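These notes are about the structure you will find just below.
This is the structure in C-alpha cells:
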C-alpha cells in the first residue's frame, strides 16, 4: 500500500470522526438547551405556586380574623344566655308580657259578650284546652326544644304565670325529675 492512500484513509476517517463529533456536540447542545428550557418552565411554575401559596395564606389569615370577630360577637351575644337558650329571666319576661296582653284582650272580649254567650263560648276556660292538648314531656335532653314547645303550649293554654313552672315540672321524667324539687 502506498503511503498516500493510507494517509488519505486516515484523513477521511478523521473527517468522519470530526463530523460525528460535531453531530454529537450539536445533539448534546440541543439536549442542554431543551433541559434549560424545561428548567426555566419549572422555575416559572414554582414562582407561580409560591405566589399562590402567599395569596392563600393571606386569604386564610383574613378568614381567620373574620371568624375570630364572629366568635367574639357570639360570645358577647351569649354572655347572659343560659344553656337552654335566652337567659331565663329574659325569656320569662318576654313570654309573660305577650301572654298578659293576650289574656287581657281575651278577658275584654269575653266580658263584652252577654252572659249566655259567655257560657256557650268555646274559650270559656283552661280546662277544655288542657283536656284536649298534650303537654311535652322532658327527660333532660334537648332542653331548648322542650322550652320552645312549652312556650307554644303556654301560648295556647292561658295559665297564670305562677302556675306554669309547677305545671311544666309535672311533665319532667328521667334525669329531669331530679330537678323538680328545686323548681318549687
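Residue numbers (the working numbering): 23 to 206. Where a beta carbon is used, it is the ideal one built from N, C-alpha and C, also for glycine. Treat the numbers as computed from the prediction; the structure is a model and nothing was measured.
**Prompt:** Would the beta-carbon of residue 181 fall within 8 Å of that of residue 194?
**Reply:** no
**Request:** My understanding is that residue 175 touches residue 158, with C-beta atoms under 8 Å, so please give their C-beta distance in whole angstroms.
**Result:** With 8 Å as the limit, residue 175 and residue 158 qualify as a contact, their Cβ atoms being about 7 Å apart.
**Request:** Kindly provide the ranges of any beta strand (DSSP E) runs that are 3 or more residues long and lie completely inside the region 27-67, ordered along the chain.
**Result:** none
**Rounded straight-line distance, which links the Cα of residue 47 to that of residue 36** = When rounded, the separation of the alpha-carbon atoms in residue 36 and residue 47 is 16 Å.
**Request:** Please classify residue 186: is it buried, with 16 or more other beta-carbons within 10 angstroms of its beta-carbon, or exposed?
**Result:** buried
**Request:** Look at the alpha carbon of residue 91 and the alpha carbon of residue 84, and state the distance between them as a whole number of angstroms.
**Result:** When only Cα atoms are considered, residue 91 and residue 84 end up about 11 Å apart.
**Message:** Can you tell me whether residue 75 is buried or exposed? The criterion is at least 16 other CB atoms within 10 Å of its CB, across all chains shown.
**Reply:** Within 10 angstroms of the beta-carbon of residue 75 lie fewer than 16 other beta-carbons, which makes it exposed.
**Message:** By the three-class DSSP mapping on this structure, what secondary structure does residue 176 have?
**Reply:** helix
**Outcome for residue 169 when other beta-carbon atoms lying within 10 angstroms are tallied against a minimum of 16** = buried
**Prompt:** For residue 15, which residues of its own chain have a beta-carbon under 6 Å away from its beta-carbon, when the five flanking residues on both sides are left out?
**Reply:** Because the chain here runs from 23 to 206, residue 15 falls outside it and cannot be looked at.
**Request:** Out of 162, 81, 34, 41, state which residue places its alpha-carbon closest to the alpha-carbon of residue 200.
**Result:** 162
**Prompt:** Alpha carbon to alpha carbon, what distance is there between residue 179 and residue 86?
**Reply:** 47 Å
**Continuous alpha helix (DSSP H) stretch holding residue 195: start and end** = Counted as a single uninterrupted DSSP element, the stretch harbouring residue 195 is not any alpha helix (DSSP H), since DSSP gives it neither H nor E.
**Message:** Given this structure, state the Cα-to-Cα distance separating residue 156 from residue 177, to the nearest angstrom.
**Reply:** 14 Å
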